[in-house]
Amino acid sequence: MSDLGNPTKKQLRRGLLKQRLALGAEDWRGRSDRLCGHLAASLPQAQTICAYQSFRQEPDLTPLFQTLGITWGLPRCVGADLVWHRWQWGDEYANADRLQPGQYGILEPDPQLPRLSPAEVDLILVPCVGGDRGGYRLGYGGGYYDRMLSEP
Numbered sequence: 006m007s008d009l010g011n012p013t014k015k016q017l018r019r020g021l022l023k024q025r026l027a028l029g030a031e032d033w034r035g036r037s038d039r040l041c042g043h044l045a046a047s048l049p050q051a052q053t054i055c056a057y058q059s060f061r062q063e064p065d066l067t068p069l070f071q072t073l074g075i076t077w078g079l080p081r082c083v084g085a086d087l088v089w090h091r092w093q094w095g096d097e098y099a100n101a102d103r104l105q106p107g108q109y110g111i112l113e114p115d116p117q118l119p120r121l122s123p124a125e126v127d128l129i130l131v132p133c134v135g136g137d138r139g140g141y142r143l144g145y146g147g148g149y150y151d152r153m154l155s156e157p
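And the structure:
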């Protein structure tokens with residue numbers, strides 16, 4: 006029997022994903038747009054940002070991709086690692102229709118795009134299942150971002 010007062014990470018993930026996936030399309034879009042508005046106002050000096058493509062109703066960052074004239078880094082899952090590629094809205098190889106589902110069904114950039122080291126970026130926007138006021142995040146459990154963020 007599980008301890009209802011102290012859920013496991015797996016139980017938390019399941020519950021949080023269930024709540025997120027239960028959002029109606031209009032509510033989800035409104036929340037995504039509000040987040041993008043806050044981020045756009047907070048990022049005036051960033052020139053290169055590593056981000057992600059929305060998956061399982063994560064916030065959709067497309068409005069940022071379209072309106073901020075900066076270089077983005079988008080990841081591909083390669084083995085146990087994230088490989089980042091330079092991506093800029095409107096570039097021939099960076100068009101949204103050139104993104105392809107990767108091993109988890111998440112849209113990934115063309116592997117022919119130039120690589121980008123996280124050390125070259127001003128900010129990394131990390132997806133998550135949930136987080137708390139202390140800044141702790143709960144990911145999907147694969148450890149991809151944890152490994153990347155722990156590198157010097």
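Here this note's numbering = 1-based position in the sequence shown + 5. Here a beta-carbon is modelled for each residue, glycine too, at the ideal position from N, C-alpha and C.
query: Cβ pair L21, V134 closer than 7 Å; result: yes
query: Cβ neighbours of G146 in the same chain (closer than 8 Å, five flanking residues each side left out); result: K14, K15, R18
query: C-alpha distance - D151 paired with T53, whole-angstrom precision; result: 20 Å
query: Buried or exposed (CB count within 10 angstroms, at least 16 for buried), E156; result: exposed
query: Residue ranges of each beta strand (DSSP E) within the stretch 58-105, 3 or longer; result: 76-83, 86-92
query: Residue from L130, D96, E63 with nearest C-alpha to D32; result: E63
query: Member of P12, R36, C55 whose CA lies at the smallest distance from the CA of V131; result: C55
query: L79 and C41 closer than 7 Å at C-beta; result: no
query: Nearest-angstrom beta carbon gap, W94 and L121 [assumed within contact, 8 Å]; result: In fact, because the Cβ distance is near 15 Å, the residues do not count as touching under 8 Å.
query: DSSP three-state assignment for G233, whether helix, strand or coil; result: With the chain represented from 6 up to 157, any question about residue 233 goes unanswered, as that position is not in the structure.
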